[in-house]
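**Q** Numbering (the numbering used here), first residue to last: 43 to 583.
(1) For residue 78, which beta-bridge partners are listed by DSSP?
(2) Please state the DSSP three-state secondary structure of residue 48.
(3) So who's on the other strand from residue 100, going by DSSP bridges?
(4) Quick one: using the 10 Å Cβ neighbour count with 16 as the cut-off for buried, is residue 48 buried or exposed?
(5) Residue 341 to residue 537, Cα distance in whole Å?
(6) For the beta strand (DSSP E) containing residue 153, list its first residue and its last residue.
(7) Assign residue 391 to one of three DSSP states: helix, strand, or coil.
(8) Please report the residue range of the alpha helix (DSSP H) in which residue 521 lies.
(9) What would DSSP say about residue 562, mapped onto helix, strand or coil?
(10) Identify whether residue 461 lies in helix, strand or coil by the three-state DSSP scheme.
(11) Please identify the residue among 394, 323 and 318 whose C-alpha is closest to the C-alpha of residue 350.
(12) Quick check on residue 568: buried or exposed, where buried means 16 or more other Cβ atoms within 10 Å of its Cβ?
(13) Are there 16 or more other CB atoms within 10 angstroms of the CB of residue 317, so buried, or fewer, so exposed?
(14) Determine the direct distance from the alpha carbon of residue 276 to that of residue 196, and round the result to whole angstroms.
(15) Counting only the same chain and skipping the five closest in sequence on each side, list residues whose C-beta sits under 8 Å from that of residue 380.
(16) Is there contact between the region 297-308 and the region 108-126, where contact requires at least three CB pairs shorter than 8 Å?
(17) Pull up the CB-CB distance for residue 319 and residue 331, whole angstroms please, since I reckon it's below 8 Å.
(18) Compare the Cα-Cα distances from residue 73 to each of 303, 476, 168 and 227 and report the closest residue.
(19) When the Cβ atoms of the region 482-502 are set against those of the region 512-532, are three or more pairs found closer than 8 Å?
(20) Which residues in the same chain as residue 69 place their Cβ atom closer than 6 Å to its Cβ, once the five residues preceding and following it in sequence are excluded?
(21) Indicate whether the contact test is met: 3 or more Cβ pairs, each with one atom in the region 367-383 and one in the region 456-470, closer than 8 Å.
(22) In whole angstroms, give me the CA-to-CA distance for residue 130 and residue 193.
(23) By how many angstroms is the C-alpha of residue 97 removed from the C-alpha of residue 153?
(24) Do residue 282 and residue 266 have their beta-carbon atoms positioned less than 8 Å apart in this structure?
(25) So, at 7 Å on beta carbons, what are the nonlocal neighbours of residue 273 in its own chain, with the 5 sequence-adjacent residues on each side left out?
(26) Identify, in the order they occur along the chain, each residue of the same chain with its Cβ nearer than 6 Å to the Cβ of residue 46, setting aside the five sequence neighbours on each side.
(27) Please name the residue in 118, 163 and 135 whose C-alpha comes closest to that of residue 71.
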């Protein structure tokens with residue numbers, strides 16, 4: 043064992059007090075300085091969100107309906123909560139050995155089968171800590187935020203097939219995806235598969251295809267993977283994302299349901315499934331899932347407060363004023379604890395205020411708040427998520443002070459800006475409830491936006507690319523539509539040599555992108571990445 047073990051801290055996760063006591067004694071015998079214990083994986087998740095540990099030893103402990111140790115590891119990795127430098131050891135029984143060894147291909151540092159000796163634990167820890175030592179330069183670069191350099195170091199190790207090349211390749215591929223280097227990530231995943239067929243690498247290929255905009259190829263890859271490994275939950279997450287991008291909300295929901303059923307204690311999957319159930323019109327299911335997510339982890343960094351807003355809307359619709367008030371109080375409490383103040387959460391709180399005014403029959407107050415939010419919709423950081431909530435408010439207000447023309451103007455403005463894809467359009471449509479005129483207008487906005495895009499592409503193919511780019515810029519300025527703005531940049535990049543004063547056009551496009559193509563806050567603990575032009579604002583995807 044390396045001498046650093048004497049300064050190490052460890053977390054033990056096991057529902058057996060006896061097992062925890064034995065493992066704590068073993069770690070202290072090995073020289074570990076600090077040992078903390080947790081009974082349930084969900085409690086361990088809360089600890090790990092706020093404190094880093096050098097070693098985590100977790101029992102698999104698959105209890106029906108509860109989060110397992112494997113679920114904990116998957117969620118921590120997926121949400122980028124667990125540092126790469128942490129050694130994660132899974133303790134399992136013979137009955138779950140096969141499942142854990144499959145998982146070991148993905149993100150596990152070591153596993154032990156009960157019963158095991160202190161010597162066996164020491165050997166696994168020593169091996170894992172040695173690997174972390176060899177790859178320390180990569181981990182240090184990641185901690186400094188130097189992801190490009192870390193990815194390059196991983197690529198060098200992989201190409202040279204030096205020590206721990208496969209482990210480094212996984213890290214490198216993840217980093218490439220985060221940087222938007224989709225094609226390089228896919229090549230790396232393909233090379234890993236050629237060297238050694240592993241499920242996570244095949245899933246990585248699908249993720250790279252999806253990130254690169256090739257949803258059809260991603261779907262084929264995932265269909266093959268799911269056919270061979272029907273219990274691999276991560277593949278259903280990505281398939282759900284693919285189906286959302288293709289506008290198949292019902293099919294996407296089916297995949298998210300499957301992922302959530304395979305890992306019932308996974309907070310992110312419960313919220314994802316519940317949110318999509320809401321958009322699909324399955325309000326009873328949505329309320330049940332989001333209520334469960336709130337009870338499991340409202341204090342968790344992984345809990346997205348959009349879930350709380352959707353709960354509030356459903357409480358209002360069912361005339362549950364007490365439930366609406368409690369949800370509002372929870373939102374106010376979260377907002378009070380946020381520093382600096384989050385504009386997103388402030389808008390959420392305003393939605394609650396409008397709903398409570400409506401519930402109290404104070405329509406004038408609700409209309410005032412809703413009109414104020416409509417003014418806010420002109421801001422650059424107003425996104426698809428906020429647009430959907432604003433529509434939800436307008437659809438619930440009935441007042442003699444409200445004209446049909448005012449509502450139509452709001453719907454058209456939001457549609458032209460946020461109908462960037464079939465999926466985003468259908469999300470907005472679902473927020474219109476039973477207002478068929480509003481639904482038809484949103485779909486007309488979608489058709490109009492894609493008509494502009496098609497016209498611009500025709501100009502590009504006919505040799506009049508400058509006209510196409512100027513059309514996209516002009517319409518992007520008028521509608522603030524991210525798809526048109528990003529498309530202007532893509533066409534200009536491809537045809538720059540043929541376009542006079544391309545630099546001037548590039549400057550106008552960059553200004554629009556900075557103002558209206560906003561970061562997608564998938565994970566509050568991760569650095570935001572710029573939203574793809576057609577991306578759906580479902581956090582956690």
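For every residue, glycine included, the Cβ atom is placed at its ideal position computed from N, Cα and C.
Predicted, not measured: the structure shown is a model, and the values here were computed from it.
**A** Quick look at the numbers:
(1) Among the bridge pairs identified by DSSP, residue 78 is matched with 53.
(2) Looking at residue 48 - three-state DSSP - the assignment turns out to be helix.
(3) Residue 100 is bridged to 55 and 132.
(4) That one is exposed.
(5) Taken atom to atom, the span from the alpha-carbon of residue 341 to that of residue 537 is near 50 Å.
(6) Note, residue 153: beta strand (DSSP E), 152-155.
(7) Looking at residue 391 - three-state DSSP - the assignment turns out to be helix.
(8) Per DSSP, residue 521 belongs to the alpha helix (DSSP H) from 507-521.
(9) Since pLDDT at residue 562 reaches only 41, below the 50 mark, its modelled position is unreliable, and no value is offered.
(10) DSSP, reduced to helix, strand and coil, places residue 461 outside both helices and strands of the structure shown, so it counts as coil.
(11) When only C-alpha atoms are compared, the closest one is 394.
(12) Only weak support is given to the placement of residue 568: the predicted model assigns it a pLDDT of 31, under 50, and the question is left unresolved by the model.
(13) Counting Cβ neighbours within 10 Å, residue 317 comes out buried, since at least 16 surround it.
(14) Going by the C-alpha atoms only, they are around 23 Å apart.
(15) Cβ neighbours of residue 380 beyond the five flanking positions: 387.
(16) Yes, they touch.
(17) Sure, about 6 Å apart at Cβ, within 8 Å.
(18) Ranking the options by Cα distance to residue 73, first place goes to 168.
(19) Two segments are said to touch when three or more pairs of C-beta atoms, one from each, lie closer than 8 Å; by this definition the region 482-502 touches the region 512-532.
(20) Exclusion of the five residues before and after residue 69 leaves 52 and 77 as the residues of its chain whose Cβ lies within less than 6 Å of its Cβ.
(21) The answer is no - the region 456-470 does not touch the region 367-383, with fewer than three Cβ pairs under 8 Å.
(22) Using only the alpha carbons, I get a separation of about 22 Å.
(23) For residue 153 and residue 97, the distance between alpha carbons rounds to 13 Å.
(24) Judged by their CB atoms, residue 266 and residue 282 are not nearer to each other than the 8 Å cut-off.
(25) Cβ within range, chain order: 304.
(26) Correct list: empty, nothing qualifies.
(27) That would be 163, whose Cα lies nearest to the Cα of residue 71.
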